[in-house]
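Here the structure is laid out as structure tokens; the discussion comes afterwards.
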Amino acid sequence: MVDDLRVSGSLRIPLAELEWRFSRSGGPGGQHANTADTRAEVRFDVAASPTLGPRQRARLLERLGPVVRVVASDSRSQARNRELALERLAARLAEALHIERPRRPTRPSKGAKERRLEAKRQQGERKRMRAGHPTRDD
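Residue 311, in our numbering, is where the sequence shown stops; the numbers in between run on with no holes.
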């Protein structure tokens, strides 16, 4: 079993920092669903985590809040639901930590401008050619 949850290249969270809760899952499964605690809920306390750096903590608190909670009840297996919950938690944390690069405005190239103008000229010419022809209804 893995000891850390790998979120990104710079962040690995020890599984000891995660709090698990299991309960009965709804949906199909017959008697198995009535007796087995297969629904997995994992909680990660962002505010109290010693693993996070100050920037990471600030970013996660701003975007996700002090506690991140993820639930998985897709499978009839508790082990599979654990895996799904860990994957979803890692994905949410990674998405919240992602920093969008600022867009640098660009200008169209000279060739792009010329192609656009040439296309406009051709379209205008095409319409001019149509104008002189009578329609079928006439």
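No residue lacks a Cβ here, since even glycine has one placed at the ideal position from N, Cα and C.
Anticipated Cβ contact below 8 Å, residue i with residue j, distance rounded
{"i": "Leu237", "j": "Val215", "result": "Contact flag wrong, Cβ pair sits at about 14 Å."}
{"i": "Thr211", "j": "Ser250", "result": "7 Å"}
{"i": "Glu192", "j": "Ser222", "result": "Actually they do not touch by this definition, with Cβ atoms about 11 Å apart."}
Residue i vs residue j beta-carbon contact at 8 Å
{"i": "Leu178", "j": "Leu270", "result": "no"}
{"i": "Ser282", "j": "Ser246", "result": "no"}
{"i": "Thr224", "j": "Ile186", "result": "yes"}
{"i": "Phe217", "j": "Leu262", "result": "yes"}
Under the three-state DSSP convention, the category residue i falls into
{"i": "Pro187", "result": "strand"}
{"i": "Met174", "result": "At Met174, the pLDDT of 49 sits below 50, so the modelled position is not reliable; the number obtained from the coordinates is stated separately. Looking at Met174 - three-state DSSP - the assignment turns out to be coil, as it is neither helix nor strand."}
{"i": "Pro288", "result": "For the record, residue 288 in the displayed sequence is Arg; it is not Pro. In the structure shown, Arg288 sits in a helix (DSSP, three-state: H, G or I)."}
{"i": "Asp276", "result": "Going by the sequence as given, residue 276 is Arg instead of Asp. In this structure, Arg276 counts as coil in the three-state DSSP scheme."}
{"i": "Ala209", "result": "coil"}
{"i": "Arg265", "result": "helix"}
{"i": "Ala220", "result": "coil"}
{"i": "Arg242", "result": "strand"}
Buried versus exposed, by CB contacts within 10 Å (16 or more), residue i
{"i": "Leu259", "result": "buried"}
{"i": "Ala213", "result": "buried"}
{"i": "Leu188", "result": "exposed"}
{"i": "Gln229", "result": "buried"}
{"i": "Val240", "result": "exposed"}
Any chain D beta carbon closer than 8 Å to residue i
{"i": "Ser196", "result": "No chain D appears in the structure shown, which is made up of a single protein chain."}
Say whether the stretch 259-268 touches the stretch 231-246, bearing in mind that this needs 3 or more beta-carbon pairs closer than 8 Å, one atom from each stretch. The stretch 259-268, when compared against the stretch 231-246, does touch it at the 8 Å Cβ threshold.
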